[in-house]
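All you need for our numbering is the position in the sequence shown, starting with 1, plus 88. We put the beta carbon where it would ideally sit given N, CA and C, even for glycine. No experiment lies behind these values; they were computed from the predicted model shown. Worksheet for the structure shown next.
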Amino acid sequence: MQNRVTQLFGIKYPIVQAGMIWNSGWKLASAVSNAGGLGLIGAGSMYPEVLREHIVKCKKATNHPFGVNVPMLYPNLQEIIDIIIEEGVKIVFTSAGNPKTYTSHLKSHGITVVHVVSSVKFALKAQDAGVDAVVAEGFEAGGHNGRDETTTLTLIPMVKEQISIPLIAAGGIATGRGMLAVMILGADAVQVGSRFVASEESSAHSAFKEVVVQSKEGDTELTLKELAPVRLIKNKFYQDVKELYKKAPSIEELKELLGRARAKRGMFEGDLEEGELEIGQIAGLIHDIKPAAQIVSEMVTEFELAKKEAGSL
C-alpha cells in the first residue's frame, strides 16, 4: 500500500491515528506505529514536561515513525515546540492556528509538517505556508471542527482539486470501506480518531470508552460555534448548553457554562454527566474496545476486500 503519504512518513499503511486530547498518549501512539500506521501523541492535553515524558516513552516503545499533534491555540506553545525539536521528533501535525507560525522553523530542523484544515481556503493557505501535507477534516469528525459544516464526502474532492501536496482525509472514517471511499475521492491516506478512542491503549477513561461503543446514530451534535465548534455526545452538559441557547446567550455566558477543564473531566476522568464528551458521528459504527494493532489490521483487511468488490461494480 505504498503511496505519497507512506513514503513521506516511512510507514507501511496510509493510516494516521489522530492526536486527540486526553486520548492519545504514548501507549496508543506507539501501538499504532508498531502496527504499521502513524501514531500521534496529542500534545493539546499535556503540560510541556508531560509531553516530553510521553515522547521519551514512545521512543522506547517503538522503532517506527511517530509524531506529535500540536493545537496552536494552547498556552506554552513555544515551549512545546522547543521540546519537540530537542527530543528529535520527526513528524508534527499542527492544527487550530496559522500554519505559517512554525512551519518553516520546524522544517529547518528536518521535521515533516502536516496541517489540519476544514476548508479549501485553509488547505491552500497551508500549502502556501510550505507544509508537506494537509489533513482535510469533514463535519462528521469529533472534537473541534470547522464552522462551515462541510462533509468529508464533499470536502475531500474539492481540496484534491486545488492542492498538489499529499492529502489525508479525516472525519467519519473508522473502517476499511470508509478508507477506500475517501481514497477513491482523492485522498492519499486517512486520519482516524474515534475508532482509536475505543482502543485498549487509548488514555481515555474506561467509562467514556463504554459510552462511545454504546452510541447510536444521532447521539452527537456540533455545538458552541461562537467559541470553538465542537462535536459532543448528548449528555447532561450538552443538554445544559442546549437550554442556555434558548436564552440567546452572550459569548461570556457560554464561556461561564463551559468553565475550565471540561474535556478532561469527561474524557479523562470519566464524568459522563458534567464532562465534555467529544466523539465523531462514526461512533454509531464502533461496537467494541480492542487493541490498536487489531484495529489497524482489520481496517487494512477490509480495505483490500472492499477494493476487490469495487472492481466488480
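* What does a CB cutoff of less than 7 Å around Ile383 pick up in its chain, not counting 5 residues either side in sequence? -> If you number the sequence shown from 1, residue 383 lands on position 295. Same-chain partners within the cutoff: Arg283, Phe284 and Ser287.
* **Continuous alpha helix (DSSP H) stretch holding Gln90: start and end** => For the purposes of this step, residue 90 is taken as the residue at position 2 of the sequence shown. Taken as a continuous stretch (DSSP letters only), Gln90 belongs to no alpha helix (DSSP H), as it is neither H nor E.
* To do: Let me know the beta strand (DSSP E) ranges lying completely inside the stretch 222-310, each 3 residues or longer, listed in chain order.
  => You should have 255-258 and 277-280.
* Any contact of the stretch 293-303 with the stretch 368-377, i.e. 3+ C-beta pairs under 8 Å? -> Contact between the stretch 293-303 and the stretch 368-377 is present, because at least three Cβ pairs lie under 8 Å.
* Leaving out five residues on either side along the sequence, give the residues of the same chain with a beta carbon under 8 Å from the beta carbon of Lys413. => Here the chain comprises residues numbered 89 to 401, so residue 413 is not present and cannot be evaluated.
* Quick one: what does DSSP say Gly368 is sitting in, helix, strand or coil? -> Here residue 368 refers to the residue found at position 280 when the sequence shown is read from its first residue. If DSSP states are grouped into helix, strand and coil, Gly368 belongs with coil.
* So, helix, strand or coil for Ile129, using DSSP? -> Residue mapping note: residue 129 aligns to position 41 of the sequence shown, counting from 1. In this structure, Ile129 counts as strand in the three-state DSSP scheme.
* Shortest alpha-carbon distance to Leu312 belongs to which of Gly260, Glu289, Glu366 and Phe356? -> Here residue 312 refers to the residue found at position 224 of the sequence shown. When only C-alpha atoms are compared, the closest one is Glu366.
* Report the residue from Cys146, Glu392, Glu137 and Ser207 whose alpha carbon sits nearest the alpha carbon of Asn164. => Taking the sequence shown and counting its residues from 1, one reaches residue 164 at position 76. The shortest C-alpha separation from Asn164 is found at Glu137.
* To do: Under 8 Å Cβ to Cβ from Lys322, same chain only, skipping five residues before and after it: list those, please.
  => Position 234 of the sequence shown holds residue 322. So the list reads Asp307, Thr308 and Glu309, once near-sequence residues are dropped.
* **Distance, Arg92 Cα to Tyr101 Cα** => Position 13 of the sequence shown, counting from 1, holds the residue named residue 101. Position 4 of the sequence shown, counting from 1, holds the residue named residue 92. Roughly 11 Å between the two C-alpha positions.
* To do: List the whole-angstrom C-beta distance separating Val202 from Ala211, where the pair is believed to meet the contact cut-off of C-beta under 8 Å.
  => Within the sequence shown, numbered from 1, the residue matching residue 202 stands at position 114. Within the sequence shown, numbered from 1, the residue matching residue 211 stands at position 123. Cβ atoms of Val202 and Ala211 stay farther apart than 8 Å, at about 12 Å.
* Asked: Under three-state DSSP, which class holds Leu320?
  -> Numbered from 1 along the sequence shown, position 232 holds the residue referred to as residue 320. Note: Leu320 maps to strand in three-state DSSP.
* Excluding the 5 residues preceding and the 5 following Tyr190 in the sequence, name in chain order all residues of the same chain whose CB lies nearer than 7 Å to its CB. => Here residue 190 is taken as the residue at index 102 of the sequence shown, counted from 1. Hits under 7 Å: Ile169 and Thr182.
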